[in-house]
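Asker:
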Amino acid sequence: MSKKSPIEIPTDLTPLEKIEYVFNDLVQWYGDAEKKEVRVAAKLLLVSLEKFSQHAGPDWADLVGEYIDILKKDPEKFQKILEANRGELKGRPDKDRYH
2 MSKKSPIEIP TDLTPLEKIE YVFNDLVQWY GDAEKKEVRV AAKLLLVSLE KFSQHAGPDW
62 ADLVGEYIDI LKKDPEKFQK ILEANRGELK GRPDKDRYH
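See below:
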């Protein structure tokens, strides 16, 4: 595993694109490690679940479950959710976007 200085995330990215940028940076940090994408995804998931439990209210697990159900049952809809969040203009959220 390599040692790197903190990354500079481009400011013109949407929030989702920033997360993807961090994901790719962390994958590179793992170098030649096995299952590095899964390791990074697991760490981001842990942080995300903690944030859901802290900030999404008492029904946070239902919201997480909705995303999982969409991904399992309707992968195309899930991809549309991702694309809608990638295309969001900074400072001007799309009115029709999902979460």
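Note that the numbering used here gives residue 57 to position 56 of the sequence shown, counting from 1, and the numbers run on in steps of one.
For glycine and all other residues, C-beta sits at the position ideal for the given N, C-alpha and C.
Predicted model, so just to flag it, every value in this text is computed and none were measured.
(1) Just curious, the alpha helix (DSSP H) that Ala85 is in, first and last residue?
(2) Given Ala1, which residues of its chain have a CB within under 8 Å of its CB, disregarding the five upstream and five downstream residues?
(3) Per DSSP, what kind of secondary structure is Ile20 in: helix, strand or coil?
(4) What number of angstroms, rounded off, separates the C-alpha of Gly32 from the C-alpha of Asp63?
(5) Kindly give me the distance between the Cβ atoms of Val28 and Glu18, rounded to whole angstroms, as I take these residues to be in contact under 8 Å.
Answerer: According to the structure shown:
(1) 76 to 87
(2) Outside the shown range of the chain (2 to 100) lies residue 1, about which nothing can therefore be said.
(3) helix
(4) 36 Å
(5) Rounded, the Cβ-Cβ distance is 15 Å, inconsistent with contact.
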